[in-house]
Amino acid sequence: MTKFKYIHHACFILSHDEDSIIFDPFLDGNPQGLTAADIKVSHVLVSHAHGDHLGSAYEIAKNNKAMLISTAEIAGDAAANGCQSHAMHLGGSYKFPFGRVKIIPAFHGSGIAGGHACGFLVDFYGTSVYFAGDTSLFGDMKLLGELEKIDYAVLPIGDNFTMGPADAAKAVELLDVTKVIPVHYNTWPVIEQDPLVFKKLVESNGLSQVFVVKPGEELEL
Ligand code: NI
Ligand code: MN
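According to our numbering, the stretch in the sequence shown is residues -10 to 210, in order.
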């Protein structure tokens, strides 16, 4: 059974049987009160180095002897900080024990010198999940949707720093995806959104389904 567990903000865990991987492990203020010591994972994926994404990545990677997967600049910094890391970059893909990861561009700051923000297309035990990271809407999402079969898109909807609900709804159309999970909203007042408004907007096409997963909740994929 493959599950999506939402921690909060842009942090979530994908798990399949005994294997778990975590994305953008920013734990500060998570309503479950989780700390780095609570997280048991085999891999840590980091989309960019802003604090609300890099978060506790190094501590979690070290605690678990987990592989940190990110762009080269972050992977290099992780290695310099004592983590095992796997450096990748935009457009590249690599097969890990859980499945293939492809690095997708994101239009956003990298948070590290010389870097570039990214998203991830992950084939996790046969389920294809696109996590956009922090990004604006961009037209090449249409190309991505043409080239790849995406089962679930995990998209930011908070606005201010990333796409807001209207642009994220357009992203769903471009990606040609039918199952969508919104993230990166309601962490702070500046990114306050009603996910049910987004859900209504997306589902009005009669094709797509939005799963509003609350922090601490799980969704079976
Ligand atoms: Ni950011
Ligand atoms: Mn962010």
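All C-beta atoms in this analysis are idealised placements derived from N, C-alpha and C, irrespective of residue type, glycine included.
query                                                                                                            : result
Candidates Asp8, Ile(-4) and Ala(-1): closest to Ala114 by CA position                                           : Just to set this straight, residue 114 is Tyr in the shown sequence, not Ala. The shortest Cα separation from Tyr114 among Asp8, Ile(-4) and Ala(-1) belongs to Asp8.
Buried or exposed (CB count within 10 angstroms, at least 16 for buried), Leu185                                 : exposed
Whole-angstrom C-beta distance between Gly134 and Leu164, which should lie under 8 Å                             : 4 Å
4-residue-minimum alpha helix (DSSP H) runs that sit fully inside the segment 44 to 131, ordered along the chain : 46 to 53 and 61 to 69
Phe49 to Met56 span [Cα, whole Å]                                                                                : The question names Phe, but residue 49 is Ile in the sequence shown. Those two C-alpha atoms are separated by around 10 Å.
beta-carbon Gly228 near the ligand NI non-hydrogen atom, thresh 7 Å                                              : Only positions -10 to 210 of the chain appear in this structure, which leaves residue 228 out of reach.
Contact between the segment 126 to 145 and the segment 58 to 68 (3+ Cβ pairs under 8 Å)                          : no
Beta bridge counterpart(s) of Lys168 as assigned by DSSP                                                         : Tyr141 and Gln198
Delimiting residues of the alpha helix (DSSP H) encompassing Glu192                                              : Pro184 to Glu192
heavy atom of the ligand NI below 7 Å from Phe127 C-beta                                                         : no
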